[in-house]
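Counted from 1, the sequence shown has number 165 at position 79 by this note's numbering; the numbering is strictly sequential.
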Amino acid sequence: MKGRICIVDHDFGSRGFIRECLEREGFEVVILDNGFQVKSLLSKETFKIFILNVDTPGVRGKNLLFELKKACPSRILLIVSERGDSFLKEAIDLGVYGFIYKPFNPAEICTMVSHLIH
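Okay, structure coming up:
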């Protein structure tokens, strides 16, 4: 196993495609459907990477990103639906590794994850 990844995404289809791709690459994947679940998970589990859809309830805003960076040194990758989203600059300032725009090919996320791991 290459490591554990947490996907936080309310979109059932997107998270399913991402999960399938990452599991084929040898990652263990945990899926949450909202950002509010992350806090309780952080006290019990660790992850190499978090993939967050910024449109998912409880994800947008610096509080979750701050909590993630404080709790563990995981890398964070954001899924964004709009270019020019004002949240992106703030997220990058808080240590987000990168972002990918919708619509996306799940293979793009797998490639970014591979770069993050190595």
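Ideal Cβ placement from N, Cα and C applies to all residues, glycine included.
Keep in mind the model is a prediction, meaning the values are calculated, not measured.
Residue i: first and last residue of the uninterrupted beta strand (DSSP E) it sits in
| i | result |
| --- | --- |
| Gly184 | 184-187 |
| Glu131 | Segment: none, Glu131 is in no beta strand (DSSP E) and carries neither H nor E. |
Alpha-carbon spacing of residue i relative to residue j, whole angstroms
| i | j | result |
| --- | --- | --- |
| Phe98 | Gly89 | 22 Å |
| Ile178 | Ala193 | 23 Å |
| Glu176 | Lys148 | 7 Å |
| Asn120 | Leu164 | 14 Å |
| Met198 | Phe122 | 25 Å |
| Leu138 | Ser126 | 16 Å |
| Glu111 | Arg101 | 15 Å |
| Ala195 | Arg146 | First, the amino acid is wrong: residue 195 is Ile here, not Ala. Each residue's Cα considered, the two are about 20 Å apart. |
| Phe173 | Lys155 | 17 Å |
| Gly184 | Arg105 | 18 Å |
Alpha helix (DSSP H) segment containing residue i, residue limits
| i | result |
| --- | --- |
| Leu180 | Careful: Leu180 lies outside any alpha helix (DSSP H) and carries neither H nor E. |
| Ser230 | Since the first residue shown for the chain is 87 and the last is 204, residue 230 is missing from the structure and cannot be characterised. |
| Ser100 | 98-110 |
Cross-strand partners of residue i (DSSP beta bridge)
| i | result |
| --- | --- |
| Cys92 | Val116, Phe136 |
| Arg161 | Ile135 |
| Val166 | Tyr187 |
Of the residues the options, the one placed nearest residue i, counting alpha carbons only
| i | options | result |
| --- | --- | --- |
| Val116 | Phe133, Phe185, Thr142 | Phe133 |
| Leu202 | Arg161, Arg105, Ala157 | Arg161 |
| Ser200 | Val145, Leu174, Leu127, Glu109 | Glu109 |
| Phe113 | Tyr187, Glu153, Gly184, Met87 | Met87 |
| Asp141 | Leu128, Phe190, Val94, Asn191 | Val94 |
Helix, strand or coil at residue i according to DSSP, with G and I counted as helix
| i | result |
| --- | --- |
| Val145 | coil |
| Ser126 | helix |
Heavy atom of the ligand FAD within 8 Å of residue i beta-carbon
| i | result |
| --- | --- |
| Tyr187 | Absence of the ligand FAD is noted for the structure shown, with no ligands found whatsoever. |
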